[in-house]
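Q: Line order of the protein sequences matches chains Y and G. Residue numbering for the first sequence follows the numbering used here, beginning at 4 and increasing consecutively. Residue numbering for the second sequence follows the numbering used here, beginning at 3 and increasing consecutively. Even for Gly, the Cβ is constructed at its ideal location relative to N, Cα and C. Everything numeric in this text was worked out from a predicted model, so none of it was measured. Dropping a structure here in structure tokens format, bear with me for questions.
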Amino acid sequence: MAALKRSRRMPGILASFVQIDAAADAIRALRARGHRNLVVYSPSPNHELEEALNHRVSPVRLFTLIGGLTGCAAGFAMTIWMSYDWPVLVGGKPIASIPPYVVIAFELTILLGALSTVAAVGLFSALQGKRGVAYDPRFSDDQIGIFVPAGSDQTSAVETLLRSAGAVEVRHEAA
Amino acid sequence: MAVVTHPTTVSHDTQHIPPMTHAEVTRDVVATLGPASRGYVLLLLGAVSIFLIGILTFLILIKDGLGHAGYNPPVFWSVYITTFVFWVGIGHAGTLISAILFLFRSPWRTAVYRSTEAMTVFAVMTAGLFPIIHIGRQWIFYWLLPYPNQRYLWPNFKSPLIWDVFAISTYLTVSTTFLVFGLLPDLAAVRDKVSGWRKTIYTWTAAGWQGTDNQWRHYSRAYLYLAALATPLVLSVHSVVSWDFASSIVPGWHGTIFAPYFVAGAIYSGIGMVLTLIIPLRRALRIEHMITEYHFDNLAKLTLLTGSILLYAYAMEYFIAWYSGNTFEQATFFRRAFGPMWWAGWTMIICNAFVSQLLWFRKIRVNITALFVISIFINIGMWFERYVIIVSSLSNDYLPWAWDQMNPTWADWGILAGSFGWFGMWFLLFAKNFPIVAIQEIKEMIPMPRMRGGHH
């Protein structure tokens, strides 16, 4: 628990960019040199950054699918089971008549699909969140940030790379 | 190839992008959250006072029972159910704009979707109160939920009323989730601009959002799926509401056209409310440069489309009533136009089917004053549409000797007014405390500066 609450600051270099293509170039150059654990901040999602980072598609979609299917199954299971649990004939219809139950199953598909999608984003953000990584308020405004985790032996090389790519500011983060 | 810049083409292609930088977008939207003006405080006080009228009426209803409302046999569904359908319908435009137009990649939605989505949540929240007010014994409302009661009875899942419980609660949950989820990056942007106790509040509400590559990767995907789930949901909700009526055999209710007719009407009424809300709002919050003539033109086109669908549906209802050869159906529709409630019937037809046809003219579509006036007509017309459908059909239902009229009383009007106060209060509070224009999505449209010129 204590480790979660008070995590150490991660040593590395935080660079700010104003130009989008400069930031994308820097990401490609860093990745080519073997820096994989980059954290890239941007005020909005951006295709150029995504292409440079070359991430896999988010696994959130799997949770949407599982949530939706669970909701659908739960909707049919609940209505059919409850109909047989106390069988009452209504309007000469079968005890469990599927067409009206489609409505309930549909609503629960949407409900659980949506909730599990949001829960998945929370889960992945918690699992993949890097605690103690430096941040700057300008990254939610109009700048792009790149954090490169680096030990003291790598810092000067990384800084040179970032500056030549067009970083407007480079900051050293000590542990 | 030589680059030919043609002024009209260029402005047409980029008119959805406000001519601003990223920093200006943050600055201008954060400025809307500043200290409240006197006008805002007066509006909020007005909304709260009207809401208190509703609270007072409701307390009297709880104490004495529903007898104060204008129920009169055979009319046991009247103003409360009318207002329930009205508010559920209002919500639909918000989800259409935020989810369906997102899937269609319609760029004009970006500037207005946050305000319409907030409208959706608060309208459905308002609507949800009405079945509870209407049941009379509010303290046992949970009988609607499927739980094992002491006699081990379950709800009747073949009843559209129980479908409605599921549809409305799902709609409220999913649209609230969608709104809050979309707010996260914007709350982070506000957090990084303000100071003091406000920073503490936005730090908590932004839930640790930093806009990292991983957060955006999951967020963008999730947003897409939420939009894809909300799209069929919104179409289903008003269909289910329409089946509350259509699956009975009351003349005037028993129509297969009801589901699409209700969905079109819902979106039409919702856009009416959107116009009523954002025309004063954009001036009060000084965001006229973000919500422009271009957005109103598009909103008006959507109003024209749904209004024309309503015109068709009204015509079809009358046509089928005549063509069916069913005497009761024919009599019901004759009475709608020439019976004791003729004034309500014509209010509905004129405000909805005819007033919307004015929007064929671009001059009217971009005239903000005209749009505001039309939006008021839409709000009135759509409330009366539900009133006509519900009350005029029920008052002449099956046995002619049992037929009777109903007249709304102070208890009906008090609750109706209170619902506007309640809705207005939440909307005003939202507009002052949360970014009413989606900061992040506006930024997504504005190209960031480049080191090398030109587009990629």
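Excluding the five sequence neighbours on either side, which residues of its own chain have a C-beta within less than 6 Å of the C-beta of F132/G, listed in chain order?
A: Y82, T85, F86
Q: DSSP puts R174/Y in a beta bridge; with which residues?
A: L17/Y
Q: Looking only at DSSP bridge pairs, what is T214/G linked to?
A: Y44/Y
Q: Can you tell me whether L155/G is buried or exposed? The criterion is at least 16 other CB atoms within 10 Å of its CB, across all chains shown.
A: exposed
Q: Could you check the C-alpha separation between V461/G and M121/G for me, to the nearest Å?
A: This structure leaves residue 461/G out entirely; chain G is present only between 3 and 458.
Q: Rounding to the nearest angstrom, what Cα-Cα distance links L7/Y and L186/G in this structure?
A: Note that L7/Y has pLDDT 44, beneath the 50 cutoff, so the model's placement of it is unreliable and the number below is only indicative. Taking the straight line joining both Cα atoms gives about 23 Å.
Q: Measure from the alpha carbon of S80/G to the alpha carbon of each residue in K201/G, S397/G, M427/G, A333/G, then state which is nearest.
A: S397/G
Q: Got a sec? Which residues, its chain only, sit under 7 Å from S13/G by beta carbon, not counting five neighbours each side?
A: Confidence is the limiting factor: at S13/G the pLDDT is only 48, short of 50, which leaves the residue's position unreliable, though a coordinate-based value still follows. Excluding positions up to five away in sequence, the list is empty.
Q: Drop a sphere of 10 angstroms on the beta-carbon of V77/G, count the other beta-carbons inside from all chains shown, and report buried for 16 or more, exposed for fewer.
A: buried
Q: Just verifying my parser: in three-state terms, what is the DSSP assignment at G148/Y?
A: strand
Q: Using the three-state DSSP reduction, which class does N74/G fall into: helix, strand or coil?
A: strand
Q: Whose CA, out of I57/G, A355/G, I19/G, T172/G, lies closest to the CA of G78/Y?
A: T172/G
Q: For the alpha helix (DSSP H) that contains I441/G, what are its first and last residues?
A: Looking at the DSSP string, the run of the alpha helix (DSSP H) that includes I441/G is 441-447.
Q: Shorter than 6 Å, the distance from the beta carbon of E26/G to the closest heavy atom of the ligand ATP, or not?
A: Questions concerning the ligand ATP fall outside what the structure shown contains, since it holds no ligand whatsoever.
Q: By Cβ distance, which residues of its chain are closer than 7 Å to V2/G, with the 5 residues on each side in sequence left out?
A: With chain G running from 3 to 458 in the structure shown, residue 2/G is simply not present.
Q: Leaving out five residues on either side along the sequence, give the residues of the same chain with a beta carbon under 8 Å from the beta carbon of T73/Y.
A: Excluding residues within five positions, the ones whose Cβ falls inside 8 Å are L115, S119.
Q: On the three-state DSSP scale, how would you describe R12/Y?
A: Note: R12/Y maps to coil in three-state DSSP.
Q: Look up G198/G in the DSSP assignment and say whether it is helix, strand or coil.
A: In the three-state scheme derived from DSSP, where H, G and I count as helix and E and B as strand, G198/G is classed as coil.
Q: Which residues in chain Y have a C-beta closer than 9 Å to the C-beta of V31/G? List them in chain order.
A: In chain order: nothing, as chain Y lies at least about 11 Å away.
Q: Mind listing the chain Y neighbours of S244/G? Cutoff is C-beta to C-beta under 9 Å, in chain order.
A: Those do not exist, as S244/G stays about 12 Å from chain Y at its closest Cβ, beyond 9 Å.
Q: Are any of the Cβ atoms in chain G nearer than 7 Å to that of F127/Y?
A: Closer than 7 Å to some Cβ of chain G, the Cβ of F127/Y qualifies, so yes.
Q: Does any CB atom of chain Y fall closer than 7 Å to the CB of G455/G?
A: no
Q: Work out the CA separation of I259/G and H70/G for me, nearest whole Å.
A: 34 Å
Q: Of the residues I281/G, Y296/G, Y227/G, A404/G, which one's Cα is nearest the Cα of L373/G?
A: Nearest option by C-alpha distance: I281/G.
Q: How big is the Cα-Cα spacing for L174/G and S159/Y?
A: 54 Å
Q: Select from T28/G, H136/G, P20/G, V242/G the residue whose C-alpha is nearest the C-alpha of L418/G.
A: The residue with the shortest Cα to Cα distance from L418/G is H136/G.
Q: Should F20/Y be flagged as near chain G, meaning a C-beta pair shorter than 7 Å?
A: no
Q: Nearest by alpha-carbon distance to G169/Y: which of A177/Y, Q157/Y, M85/Y, I149/Y is it?
A: I149/Y
Q: Please confirm if the segment 76-96 of chain Y is in contact with the segment 128-140 of chain Y, defined as three or more CB-CB distances below 8 Å between the two stretches.
A: no
Q: Going by Cα to Cα distance, which pick from P46/Y, I16/Y, R12/Y is closest to Y221/G?
A: Out of P46/Y, I16/Y, R12/Y, P46/Y has the C-alpha closest to the C-alpha of Y221/G.
Q: Does the CB of K445/G have a neighbour CB from chain Y at under 7 Å?
A: yes
Q: From L283/G to M292/G, what distance separates their C-alpha atoms?
A: 12 Å
Q: Give the single residue among Y227/G, Y225/G, S310/G, L287/G whose Cα lies nearest to the Cα of V265/G.
A: S310/G
Q: Cβ of P282/G less than 7 Å from any chain Y Cβ?
A: no
Q: How many angstroms separate the CA atom of R454/G from the CA atom of Q22/Y?
A: 9 Å
Q: Could you give the first and the last residue of the continuous alpha helix (DSSP H) run that contains K303/G?
A: 295-325
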